[in-house]
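Novice:
In full-length UniProt numbering, the protein residues as written are 1 to 479.
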């Protein structure tokens with residue numbers, strides 16, 4: 001009997017030692033991890049097809065597809081902002097996921113009942129659709145997490161939750177290999193839709209189980225807190241305005257822009273080398289799938305061993321600066337050796353760091369902003385700014401290629417950008433810590449600290465303003 005009591009008493013200590021979790025946090029973390037598992041499984045079921053179809057008309061067409069994707073995300077943002085303003089949280093999350101499920105059903109019907117209509121043009125449509133789908137389903141997931149967990153919790157277990165996504169990213173390609181022949185490619189779209197519906201049910205469960213971020217950030221209920229049963233309200237364009245009014249959100253946008261520009265350099269370098277290796281779509285998909293698989297294994301190792309410790313020990317700033325430094329060093333190595341093996345190592349390393357360390361760290365940045373910004377501003381940053389970085393990177397890489405500068409020319413661009421990117425990451429880490437401290441001391445409305453203050457205002461300004469009927473005290477504009 002005493003042994004049983006001792007083992008039960010040791011469980012919380014074991015959870016704390018191994019995973020840095022409290023007993024009451026285990027349920028929400030497991031639900032969130034399973035939620036992310038379903039999303040990444042659906043994405044990875046579809047990703048190799050996206051890349052293979054996108055290359056059908058050559059590398060140059062992919063550059064223009066990036067422009068089309070950026071324009072589509074810009075057009076979709078006010079629609080998503082309208083949904084956030086008019087509907088309750090689970091309603092607009094449900095509407096977003098349901099739209100993508102219905103889209104998959106439509107693609108399935110096209111492949112099943114009108115296969116003759118499937119060609120290069122429909123492949124391009126799928127490429128753009130997938131790129132928008134990829135960003136929005138993951139953005140909604142992380143926005144919900146930032147809304148349900150505190151800044152301190154985000155630093156402790158966002159990396160652990162990301163393990164669920166990594167397992168999904170490994171499981172998705174494996175499931176594709178098992179189901180593609182017996183079911184056929186069209187049926188994989190329905191399987192992906194099923195995982196999205198499961199993810200939606202887990203979102204509902206997470207909202208019911210996880211405590212509200214606002215209630216645990218401050219010792220007493222905060223004035224202006226928007227309950228689960230109220231609409232967030234505001235303008236459909238509020239996210240765009242918030243990004244350009246707040247130094248903090250502008251900094252996040254700049255960080256993501258630089259990240260995607262440099263990631264796009266790697267992406268096009270990879271496409272060129274893969275195209276040189278084989279002209280077969282199946283062979284290309286196999287090569288790309290193998291790169292994805294080994295990258296996910298590296299991500300899993302990072303998430304289980306280092307990420308949480310790095311963020312806890314050194315802070316978000318250092319975690320955000322690791323990827324820029326690694327990218328610069330990787331491009332220098334690629335310029336020196338220029339082999340396909342070095343490229344695979346570069347991409348695997350940068351993607352592992354991005355997903356294993358950078359992604360949990362940058363998502364923790366949103367735990368200290370207000371609820372409206374967690375959905376609207378985050379949607380604008382994670383979709384349009386992200387795809388704008390793709391466009392800038394694709395066109396810059398193409399221009400350098402036309403000038404005959406190739407990888408050596410890229411290095412002269414990458415290294416300075418990476419230094420700015422790293423410095424911005426360090427600054428964001430300090431700014432997030434300052435905002436989290438303000439929240440802990442009783443800051444207003446779940447983190448709307450300073451977001452209503454234009455960038456150009458004086459640092460000493462402390463005149464209260466009213467935002468959406470809630471009185472808020474301004475903080476320093478860089479926080």
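Beta carbons: idealized from backbone N, C-alpha and C, even for Gly. Remember, it's a predicted structure, so these values are computed and weren't measured experimentally.
1) In or out: residue 77 buried (at least 16 other Cβ within 10 Å) or exposed?
2) Closer than 8 angstroms: is that where the CB of residue 145 sits relative to any heavy atom of the ligand NAD?
3) Mind checking whether residue 429 and residue 257 have CB atoms under 9 angstroms apart?
4) Relative to the C-alpha of residue 180, which candidate in 304, 45, 416 has its C-alpha closest?
5) Quick check: residue 238 and residue 85, are their CB atoms within less than 9 angstroms of each other?
6) Would you decide whether residue 361 is buried or exposed? Buried here means 16 or more other CB atoms lie within 10 Å of its CB.
7) Taking 9 angstroms as the cut-off, decide whether the C-beta atoms of residue 266 and residue 327 are in contact.
8) Any idea if residue 232 is buried or exposed, counting beta-carbon neighbours within 10 angstroms, 16 or more meaning buried?
9) How long is the line joining the alpha carbons of residue 188 and residue 437, rounded to whole angstroms?
10) Nearest to residue 485 by alpha carbon, out of 209, 373, 417?
11) Using only alpha-carbon positions, find the residue among 366, 344, 195 that is nearest to residue 331.
12) For residue 71, which of helix, strand or coil comes out of DSSP?
13) Is residue 148 helix, strand or coil by DSSP?
14) Once DSSP output is grouped into helix, strand and coil, what is the label at residue 374?
15) Contact defined as beta carbons within less than 8 angstroms: I believe residue 42 pairs with residue 248. What is the distance between those atoms, to the nearest angstrom?
16) Drop a sphere of 10 angstroms on the beta-carbon of residue 421, count the other beta-carbons inside from all chains shown, and report buried for 16 or more, exposed for fewer.
17) Keeping to the same chain, check which residues put their C-beta closer than 8 angstroms to that of residue 354; ignore five residues upstream and five downstream.
18) Out of 315, 400, 427, state which residue places its alpha-carbon closest to the alpha-carbon of residue 414.
19) So, helix, strand or coil for residue 391, using DSSP?
20) With respect to the alpha helix (DSSP H) encompassing residue 186, which residues constitute its N-terminal and C-terminal limits?
21) Beta-carbon within less than 6 angstroms of residue 340's beta-carbon, same chain only, minus the 5 sequence neighbours each way: which residues are those?
22) Go ahead and label residue 435 buried or exposed: buried means 16 or more other beta carbons lie within 10 angstroms of its beta carbon, across all protein chains shown.
23) State the CB to CB distance for the pair residue 126 and residue 196, rounded to an integer number of angstroms; the pair is presumed to be in contact (CB under 8 angstroms).
24) Please state whether the Cβ-Cβ distance between residue 377 and residue 295 is less than 9 angstroms.
25) Cβ of residue 411 within 9 angstroms of Cβ of residue 66?
26) Taking the alpha-carbon of residue 171 as reference, which of 47, 152, 158, 137 has the nearest alpha-carbon?
27) Cutting at 6 angstroms between CB atoms, please list the residues of its own chain near residue 92, excluding the five before and the five after it.
28) Hey, quick one: how far does the alpha helix (DSSP H) through residue 380 stretch, first residue to last?
Specialist: Reading it off the structure:
1) Buried.
2) Looking for the ligand NAD in the displayed structure turns up nothing, as the structure carries no ligands at all.
3) Taking C-beta atoms as the reference points, residue 429 and residue 257 fail to come closer than 9 angstroms.
4) Among 304, 45, 416, the Cα nearest to that of residue 180 is on 45.
5) In this structure, residue 85 lies closer than 9 angstroms to residue 238 by Cβ.
6) It is buried - the Cβ of residue 361 has at least 16 other Cβ atoms within 10 Å.
7) In this structure, residue 327 lies closer than 9 angstroms to residue 266 by Cβ.
8) Buried: at least 16 other Cβ atoms inside 10 Å.
9) Taking the straight line from one Cα to the other gives about 47 angstroms.
10) With the chain covering only 1 through 479, there is no way to say anything about residue 485.
11) Per the Cα distances, 344.
12) Residue 71: helix per DSSP, three-state reduction.
13) DSSP places residue 148 in helix when its eight states are reduced to three.
14) Correct three-state label for residue 374: helix.
15) No, residue 42 and residue 248 are not in contact; Cβ-Cβ is about 32 angstroms, not under 8 angstroms.
16) Residue 421 comes out buried.
17) Closer than 8 angstroms at the Cβ level, and outside the excluded window around residue 354, lie 259, 263, 323.
18) When each option's Cα is compared against that of residue 414, the closest is 400.
19) Residue state, collapsed to three classes: helix.
20) 185-209 is the extent of the alpha helix (DSSP H) around residue 186.
21) Hits under 6 angstroms: 273.
22) Burial call: buried.
23) Not really, about 16 angstroms apart at Cβ, beyond 8 angstroms.
24) Going by C-beta atoms, residue 377 is not nearer than 9 angstroms to residue 295.
25) Contact: no.
26) That would be 47, whose Cα lies nearest to the Cα of residue 171.
27) Only 83, 84 meet the Cβ criterion.
28) It is not in any alpha helix (DSSP H) - residue 380 carries neither H nor E in the DSSP assignment.
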